[in-house]
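Everything on this sheet refers to the single structure shown next.
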Amino acid sequence: MATEFLEEIHKLNVTDPAEMMDLAIEWVRKSFPDVESVSTETLQSWLEEKPEELLIFDIRKADEFEVSHLPGAIRIDPESNNIQEILQEHLQKEHEKQKHVVCYCTVGYRASLTAQSLNEFLSSERGQKLKPFLKIYNVIG
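Here the numbering used here is used: the first residue of the sequence shown is 566, the next is one more, and so on.
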């Protein structure tokens with residue numbers, strides 16, 4: 566999929582980084598139409614007003630996470646295939662409390678892929694008991 570995006574950028578002859586980022590964000594939204602997005606401003610507000618309702622997943626490689634990450638973020642390897650177990654592990658102590666599960670990465674692709682996987686898990690038989698208490702998001706911006 567990323568190859569298609571890069572080809573599109575090349576065809577459009579886009580060189581401005583801000584314009585490239587806007588196109589990347591739009592491409593991610595189109596690629597994951599069932600993943601709800603949240604702005605960085607909204608996330609900042611949640612961090613300030615109700616941090617106890619947040620579960621933040623950083624879907625970047627270890628070296629990216631070490632450079633910087635959001636307070637309280639839990640790093641999830643982008644290649645991980647046990648995201649459901651990680652989610653359940655972090656929610657065991659707080660069963661039946663509303664949580665916003667916020668996934669982020671650099672551009673949004675890896676976070677959207679993870680958010681999509683989490684939504685699929687919540688729709689499965691194993692995830693049904695958690696579904697009423699969780700809302701999954703990808704951070705845009």
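In this text, a Cβ means the ideal position worked out from N, Cα and C, and glycines have one as well. For clarity, every value in this text was computed on a predicted model and none was experimentally measured.
Judged by beta-carbon spacing, Ile-624 lies beyond the 7 Å limit of Gly-637, meaning their Cβ atoms are not closer than that value. Closest in alpha carbon position to Ser-677, among Lys-595, Glu-573, Thr-568, is Lys-595. The segment 682 to 696 and the segment 639 to 649 touch, with three or more beta-carbon pairs separated by less than 8 Å.
By the neighbour-count criterion, in which 16 or more other beta carbons inside 10 Å mark a residue as buried, Arg-691 falls on the exposed side. Its chain contains Asp-642, Pro-643 as the residues whose beta carbon lies nearer than 8 Å to that of Lys-626, once the 5 sequence neighbours on both sides are disregarded; these appear in chain order. When DSSP reads this structure, Tyr-702 sits in a beta bridge with Val-667.
By the neighbour-count definition (other C-beta atoms within 10 Å, threshold 16), Leu-652 is a buried residue. Distance check between Leu-588 and each of Ile-701, Val-672, Thr-605, Lys-664 places Val-672 closest, using alpha-carbon atoms only. Contact between Lys-664 and Leu-635 does not hold, since the beta-carbon distance rounds to 15 Å and is not under 8 Å. Annotated three-state conformation of Ile-639 is strand, per DSSP. Within the segment 571 to 653, the complete alpha helix (DSSP H) runs of at least 4 residues fall at 582 to 596, 605 to 614, 627 to 632.
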